[in-house]
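> Going down the list, the sequences are from chains A and B. 1 is the number of the first residue of the first sequence in our numbering; add one for each residue after it. 1 is the number of the first residue of the second sequence in our numbering; add one for each residue after it. All C-beta atoms in this analysis are idealised placements derived from N, C-alpha and C, irrespective of residue type, glycine included. Predicted model only: the values in this text are computed from it and were never measured.
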Amino acid sequence: MKALLFGNEAIARGAYEGGVQVATGYPGTPSSEILENISAYKEIYSEWSTNEKVAMDVAIGAAYAGRRAIVTMKSVGMNVAADSIFYVVYTGLEAGLVIVTADDPGMFSSQNEQDNRHYAKMAKMPLLEPADSQEAKDLVILGLEVSEKFDTPVLLRTTMRISHSKSAVKLGERIEVGSEAKPFVRNPHKYVCTALWARARHPVVEQRMKQLAEYAETFPYNRLELRDRSLGIVSSGAVYQYAREVFPEASFLKLTMTYPLPRQLVRRFAEEVARVIVIEELDPFLEEEISLMGIRTPGKAIFPPVGELLPHTIEERAIEAGLLPNARAIATHHVTPLNLPERSPVLCPGCPHRSVFYVLKKLNVVVTGDIGCYNLGALPPFSATHTMGCMGASIGVAHGLDKAGIPDEFVAVIGDSTFFHAGIPPLLNIVHNKGKSTVILLDNRTTAMTGHQDHPGTNTTLMGEETEEVGLEPLVRAMGVKEVRVVDPWNLDEVERGIRNCLDHDGPAVLIVSGPCVFVGAERGPAYEVDSDMCNGCGLCFRLGCPAIVQSEEMDLKRKRPKAEIDKVLCFGCDLCAQLCPCDAIRANDDTS
Amino acid sequence: MEGFNFLLAGVGGQGTVLASDVLAEVGMEAGYDVKKSDVLGLAVRGGSVVSHIRWGETVHSPVITEGQVDYLVGFEMLEGLRWLKQLKPQGTVVVNRQRIPPVSVISGEAIYPSDQEIIDALSMTTKHYYLIPGLMLAQKLGNAKVVNLILLGSLSVLLKISAGIWEGAINRTVPTNLVDLNLKAFHAGRSAMKEIRNS
């Protein structure tokens, strides 16, 4: 049976068919759907772990216990998991372990454009790169086998275009492996990475890489495609697909196991064709490896190392480099350039983050931000966030501002899921080191930005079981913070008073702004409406950046400014605009449904 | 076998991805090799959403090369216009006659193009453009969210694939309790396009 599957669905299917028994991860675009799809297979235990490092350790524990395991994360999530990845390469495992990294060339939803293929080389483990959904599924199953055969974790690297594209996949049956738990294998010389014993493991790792390099020569998904011999292209992943369309006649070396490199295969290809070029997205990973063999392979001299390498760019750069005749340039017809307004994502109507950023802008404080929807507070109309680096950075950076002694008032802003992920150690650090920062916890009861996954502060697991809900307030108090306040996000005065009190407190202070995301249980109220006779066009409500509040066609004649109007379909009835309106022109309309 | 490239462009929350899933299923059922690619950005609502769907004998890239779109479906007018440059010469545009102003427009920093500007841009690009009153038709059916299936219905009139194949794909793709509503929307979109083509 064939089905059209996203790359992420296909990876989940591969985990199912490949007999995976434990699957872990932390949400992160473009990886999140892998684990969500795995959770639909009841044969597999799956969980959202608190962060990628925890997820990694859990999957390693399962693989040590002889159960096939998979762990999923986005590109930058691998930085968090890295500490654990490096030790499992030394120990090896008792059952297959596949690590999935979903990279984000083009930075559609990431803070950088890192190329995680380097992790395979640095940690010393095999690297597989699927070029469509069928390969994504197959490589999970094959990856588990390679993992067991060579006693190593295997890195499966997708990119957004593989994860979020659909193509046809042949579905198979599940292989049951190791369905009964065996007693734990007590082998401390292998599994205890104390320097004394780990030292003996390093040569094992080096030897294993040599064996893997030999295996790569016969890896079934590395493929020579010989056509016109004047040009030979080495490529992998989604870019292979683009390049095939741009160069339909050229010969290809389609690499799928890209580390360690199958050197003999590359050499054979180079001998078959007059000229070899590498087409790859982001860093010159293959190009450097091939250049080391003494084969001249221009890659980044032609194709940019920045952004997605889409078919159009490949074609343009190939023409510039003389690889394609100029006549092939498609005559693009130019449309009258209308100046089209940008459409940035916005906080939803009814979002509990809106009041906080409205107040932060009003108070004109320095804000250290973090990863989540609330990063939209950096954009107009708020423009209220001044730093944002990675998960959990807000709190440590704020403490740095504190100890540096800036004259400005400042706060750190971090979401609930992000706080559980990486915010606890830096808050403990503030308490221990006598810091005086204010930390605002935006507790919207979900991991909103990645698609509303549960976390330790919610009462449901990924598999749908009811569980202990970790309360932020008792947690923060237990960490030694004395000044802790909880406020209602839909009460502007309360939010402002709460922030003011925390800023005035002489010591660490935490403000928990507690209200659910509109997608996970916030209750929709009656839609509001503007009494146009009372609206004077002051525009204060527009500063809330609510998509439901639009400019009316009616102008206020005195101010010569458009009056406000509320889109009844979009309005969530949160009341913030009514609290703000100085003319009392905005009211709930209880007649609307 | 002749191939087709479809670009579906809308605003988060409009059901663009579901529509692209249906379109991909229709292509597969009709015997094409099919690939599709979604660009969603953040999972929050209100941003631009774009889906590429490709039907062909063998499809390598899930992404359509610039200027190679056969059918552009705009789920609201601004997003339709944004991708006009991707259209093949004299390609086809189906646009929902709806305006969803972005925040830059609401805050007064930018201006949403006027109806005349929109029609001028369309007519200068291609003879084959159709404006569908999607939101109005959806509201008639009692659910503003079925604009996506109305637009697919309108598009379906332009393709030589039987309505049965479309209905089957809708059946398999949308949630069971919403199949009837979505089929109604699909047929409302078909009728609207037939009327436009006959007038």
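I'd like to know if glutamate 195 of chain B contacts chain A, where contact means its C-beta is closer than 8 Å to some C-beta of that chain.
So no, glutamate 195 of chain B is outside the interface.
> For glycine 372 of chain A and alanine 404 of chain A, I'd like the C-alpha separation in whole angstroms.
Approximately 26 Å between the Cα atoms of the pair.
> What are the uninterrupted segments assigned as beta strand (DSSP E) that are 3 or more residues long and contained completely in the stretch 468-494 of chain A, given in chain order?
Here the runs fully enclosed are 483-487.
> I'd like to know if alanine 43 of chain B contacts chain A, where contact means its C-beta is closer than 8 Å to some C-beta of that chain.
The predicted model places alanine 43 of chain B with a pLDDT of 48, which falls under 50 and marks its position as unreliable, so this point remains unresolved.
> Shortest alpha-carbon distance to threonine 467 of chain A belongs to which of A:Pro474, A:Thr458, A:Asn187, A:Glu473?
Closest option to threonine 467 of chain A, Cα to Cα, is A:Thr458.
> Is the beta carbon of valine 484 of chain A closer than 8 Å to that of leucine 678 of chain A?
Only positions 1 to 593 of chain A appear in this structure, which leaves residue 678 of chain A out of reach.
> Taking DSSP as the reference, what is the three-state secondary structure of phenylalanine 269 of chain A?
The answer is helix: DSSP assigns phenylalanine 269 of chain A an H, G or I state.
> Report the residue from A:Arg227, A:Thr256, A:Gly498 whose alpha carbon sits nearest the alpha carbon of aspartate 247 of chain A.
Before going further, note that residue 247 of chain A is phenylalanine rather than aspartate in the sequence given. For phenylalanine 247 of chain A, the nearest C-alpha among the options comes from A:Arg227.
> Pull up the distance between the alpha-carbon of alanine 318 of chain A and that of phenylalanine 108 of chain A, whole angstroms please.
Near 25 Å, if we compare the C-alpha coordinates of phenylalanine 108 of chain A and alanine 318 of chain A.
> Taking 8 Å as the threshold, find out whether the stretch 151-160 of chain A comes into contact with the stretch 125-133 of chain A through three or more Cβ pairs.
Short answer: they touch.
> Can you pull the chain A neighbours of arginine 82 of chain B, defined as C-beta to C-beta under 9 Å?
Per Cβ cutoff of 9 Å: Leu340, Arg343.
> Any beta carbon from chain B within less than 8 Å of alanine 136 of chain A's own beta carbon?
False, the Cβ-Cβ gap to chain B never drops below 8 Å.
> With a cut-off of 8 Å, does the C-beta of lysine 35 of chain B fall near any C-beta of chain A?
Yes, contact with chain A.
> Under 9 Å, CB to CB, which of the residues in the stretch 545-558 of chain A have a partner in chain B?
Answer in chain order: Gly545, Cys546, Pro547, Ile549, Val550, Gln551.
> Report the neighbours of serine 48 of chain B on chain A: residues whose CB is nearer than 7 Å to its CB, in chain order.
Residues of chain A passing the Cβ test: Arg343.
> Can you give me the start and stop residues for the alpha helix (DSSP H) that glycine 77 of chain A sits inside?
Start and end: 77-91.
> Jot down the residue ranges of each uninterrupted beta strand (DSSP E) in the stretch 247-330 of chain A, minimum 3 residues, whole runs only, in chain order.
Segments of the beta strand (DSSP E) lying fully in the stretch 247-330 of chain A: 250-254, 257-259, 276-279.
> For proline 381 of chain A, decide whether its Cβ has a neighbour in chain B, counting only Cβ atoms nearer than 8 Å.
At least one chain B Cβ lies under 8 Å of proline 381 of chain A.
> Indicate whether isoleucine 499 of chain A and leucine 376 of chain A have their beta-carbon atoms separated by less than 8 Å.
No; because the gap between Cβ atoms is not below 8 Å, this pair is not in contact.
> What residue from A:Pro203, A:Val204, A:His189 has the CA that sits closest to tryptophan 197 of chain A's CA?
Out of A:Pro203, A:Val204, A:His189, A:His189 has the C-alpha closest to the C-alpha of tryptophan 197 of chain A.
> At the level of alpha carbons, what is the spacing between lysine 482 of chain A and threonine 101 of chain A?
The straight-line gap from Cα to Cα measures roughly 40 Å.
> Which residues of the stretch 560-572 of chain A have a Cβ closer than 8 Å to any Cβ of chain B? Give them in chain order.
For the stretch 560-572 of chain A, which is checked against every Cβ of chain B, the residues closer than 8 Å are Pro562, Val569.
> Leaving out five residues before and five after histidine 187 of chain B in sequence, what residues of the same chain have Cβ atoms less than 7 Å from its Cβ?
For histidine 187 of chain B, where only same-chain residues beyond five positions count, the Cβ hits under 7 Å are Gly153.
> Given phenylalanine 419 of chain A, which residues of its chain have a CB within under 7 Å of its CB, disregarding the five upstream and five downstream residues?
Around phenylalanine 419 of chain A: Leu441.
> Who are the near neighbours of lysine 194 of chain B in its chain, counting only those whose CB is closer than 7 Å to its CB and skipping five residues on each side?
Taken in chain order, the residues that qualify are Val157.
> With distances taken Cα to Cα, identify the nearest neighbour of tyrosine 90 of chain A among A:Arg199, A:Tyr16, A:Met56, A:Pro311.
The candidate whose alpha carbon is nearest that of tyrosine 90 of chain A is A:Arg199.
> How many angstroms separate the CA atom of methionine 73 of chain A from the CA atom of proline 456 of chain A?
Near 18 Å, if we compare the C-alpha coordinates of proline 456 of chain A and methionine 73 of chain A.
> Using the beta-carbon of each residue, which ones in chain A are nearer than 9 Å to glycine 108 of chain B?
Under the 9 Å cutoff, chain A gives Gly539, Phe542, Gln551, Arg561, Pro562.
> Would alanine 169 of chain B count as contacting chain A if we go by Cβ distances under 8 Å?
Not an interface residue.
> Do leucine 72 of chain B and leucine 7 of chain B come within 8 Å of each other at the CB atom, strictly closer than that value?
Contact flag set, yes.
> Tell me which residues of the stretch 63-78 of chain B have at least one Cβ-Cβ distance to chain A shorter than 7 Å, keeping chain order.
From the stretch 63-78 of chain B, only Val63, Thr65, Glu66, Gly67, Leu78 have a Cβ closer than 7 Å to chain A.
> Could you pull out every unbroken alpha helix (DSSP H) segment of at least 4 residues lying fully inside the stretch 369-420 of chain A, listed in chain order?
Complete alpha helix (DSSP H) runs here, min 4: 393-404.
> Closer than 8 Å, CB to CB, is arginine 267 of chain A near chain B or not?
It does not: the Cβ of arginine 267 of chain A has no partner Cβ on chain B nearer than 8 Å.
> Among B:Asn171, B:Val34, B:Val179, which one has its Cα closest to the Cα of glutamate 57 of chain B?
Answer by Cα proximity: B:Val34.
> Leaving out five residues on either side along the sequence, give the residues of the same chain with a beta carbon under 7 Å from the beta carbon of alanine 43 of chain B.
Any answer about alanine 43 of chain B is weak, because its pLDDT of 48 lies below 50 and its placement is not dependable; what the coordinates show is given next. Excluding residues within five positions, none has a Cβ falling inside 7 Å.
> Could you name the residues of the same chain whose beta carbon sits closer than 7 Å to that of tyrosine 26 of chain A, not counting the 5 residues immediately before and after it, in chain order?
Cβ within range, chain order: Trp48, Ser49, Asn51, Glu52, Ala55, Met73, Gly77, His421.
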